[in-house]
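Asks: For the sequence shown, the positions run 756 to 1108 when the working numbering is used. Here a beta-carbon is modelled for each residue, glycine too, at the ideal position from N, C-alpha and C. Shown below is the structure under consideration.
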Amino acid sequence: MSLPTAVTDDVRVHRSLAARVLTGVGARHHVVDEVTRIGAERVLLVATRSASAAADELATELGGRLAARFDGPVVHTPVSVTAEAMELVAARSVDAVVAVGGGSAVGLGKAVSARTGVPQVAVPTTYAGSEVTPVLGETDEGVKTTRRDPALAPGTVVYDPELTIAMPAGLTLTSALNAVAHAVEALWAPDAVAVTDALATEAVGHLLDALPDALEAPGDIHARSRLQSGAWLAGLCLAGTTMGLHHQLAHALGGTFDLPHAELHALLLAHVMEHNLPHAPSAAERLASCVDGDPVAVVARLAGSHDGPTRLRDLGVPREGLAGIVERVVASPYPNPRPVDAASLGELLYRAW
Ligand code: NAD
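Here it is in structure tokens:
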């Protein structure tokens, strides 16, 4: 992803996005008021199957304002799936989209809005953070393209921690570490500013502190609220800074081998932190201030506790596939505090494998 042109060694540009954000237990019951406020009368409700209970409830509350429902969002927003949703948009004269679910549902909401200009309400049920970013990644026949435009960010976001209680332990862990990755990369980003440093530090503190509690007691609403707040802050970090080596590796590996988004981020993060932090002293200092112990060890311990895949090989990545990833990343690296070279990157990937 390219840097805003006005960033130099001395001058950094930070852009904030306007959004109306509702947060708190029961916030989901205010979605209809928000739809009314934006003047929409014919809503497309997009929901992942895992969010079907929340979507059913919302459908009832929307009543006559519900024009159509689409239950088939797919990870990485394939354009063929968006085309199916667009048929409903046209056939039912949709004038707003409400997305309930993880990053896949929110991504489809963004894709529909990008094609029609209709306003979006995002109701996230994971910690991916897409609801507050101006970024949309879409895949067409396996090729992923990502664009960044302030108009892509949902104008209304509704955070209700009760919608995250049903997340299984594995998704809770990996999705929260995906959020930690957004915050960690913001700390060493070339366009980090006071605001993103503060957001990132607070995000990491909430996420790493509340995660063990939520894993121990999934229904602990206080822990869930803190994780969701951390995810919001981390999403703002992703929105406000340029991604580095961690996200580049996740994109390259995920796109090449079609890997699950949050699990991949979760297993890579400690390896990239170990690789980069000696070259990013102020990020290291901030992380040390908000974590009990060595930040790399804390993240590695959490990631290692996942009862799903914890190594690239467990995700099905062939060892002989690593060299191609190294070659692509070294050819065109995202900005990173540690210069990206083939030898050290190969070592990092092999350790993660
Ligand atoms: P996801 O939305 O694909 O959800 C993962 C799985 O968890 C799905 O099976 C889903 O049905 C289920 N799920 C979601 N919420 C649940 C809940 N509360 N309880 C139980 N199950 C639940 O995964 P994700 O990690 O949230 O999002 C990944 C997608 O989002 C990818 O396409 C990624 O590229 C995109 N993303 C985009 C941005 C951005 O800024 N554009 C940021 C982060 C992620």
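Is P833 near the ligand FMN - that is, is its Cβ less than 7 Å away from at least one heavy atom of it?
Replies: The model depicted lacks the ligand FMN and carries the ligand NAD instead.
Asks: Less than 8 Å between the CB atoms is what I'm expecting for C992 and A955, so what's the real figure, rounded?
Replies: The Cβ separation is near 5 Å, so the contact holds.
Asks: Can you tell me the Cα-Cα spacing of G1079 and V890, whole angstroms?
Replies: Near 26 Å, if we compare the C-alpha coordinates of V890 and G1079.
Asks: Just to confirm, does V768 get its C-beta within under 7 Å of one of the non-hydrogen atoms of the ligand NAD?
Replies: Because no heavy atom of the ligand NAD lies under 7 Å away, the Cβ of V768 does not count as near it: no.
Asks: Flag R804 as yes when its Cβ comes closer than 7 Å to any non-hydrogen atom of the ligand NAD, and as no otherwise.
Replies: It does: the Cβ of R804 is within 7 Å (strictly closer) of some heavy atom of the ligand NAD.
Asks: In whole angstroms, give me the CA-to-CA distance for V853 and E917.
Replies: Each residue's alpha carbon lies about 18 Å from the other.
Asks: In the DSSP output, what is G892 paired with across the bridge?
Replies: Beta-bridge pairing links G892 to T901.
Asks: Following a CB-centred definition, is V890 positioned closer than 7 Å to any heavy atom of the ligand NAD?
Replies: V890: yes, Cβ under 7 Å from the ligand NAD.
Asks: Check whether the segment 957–964 and the segment 1001–1016 touch, using three or more Cβ-Cβ pairs below 8 Å as the test.
Replies: No contact exists between the segment 957–964 and the segment 1001–1016.
Asks: Hey, would you say V1054 sits closer than 8 Å to L962, going by beta carbons?
Replies: No, Cβ-Cβ distance for V1054 and L962 is not below 8 Å.
Asks: Does the segment 858–877 come into contact with the segment 890–909, if we say contact requires no fewer than three beta-carbon pairs (one atom in each stretch) closer than 8 Å?
Replies: Yes, the segment 858–877 is in contact with the segment 890–909.
Asks: Counting C-beta neighbours from all protein chains within 10 Å, is the total for G1059 16 or more, i.e. buried, or is it exposed?
Replies: So G1059 counts as exposed.
Asks: Give every residue of the same chain whose Cβ lies closer than 6 Å to the Cβ of G856, excluding the five residues on either side of it in the sequence, and list them in chain order.
Replies: So the qualifying residues of the chain are A802, T803, A806 and T880.
Asks: Using 10 angstroms around the beta-carbon of Y1105, count the other beta-carbons present and answer buried if the total reaches 16, otherwise exposed.
Replies: Result: exposed.
Asks: Would the C-beta of M1148 count as close to the ligand NAD, meaning under 7 Å from any of its heavy atoms?
Replies: A query on residue 1148 cannot be resolved here, the shown segment of the chain reaching from 756 to 1108 and no further.
Asks: If you run the structure through DSSP and keep just helix, strand and coil, what is R775?
Replies: DSSP places R775 in strand when its eight states are reduced to three.
Asks: Is it buried or exposed, V768, if we count other Cβ atoms within 10 angstroms and call 16 or more buried?
Replies: Exposed.
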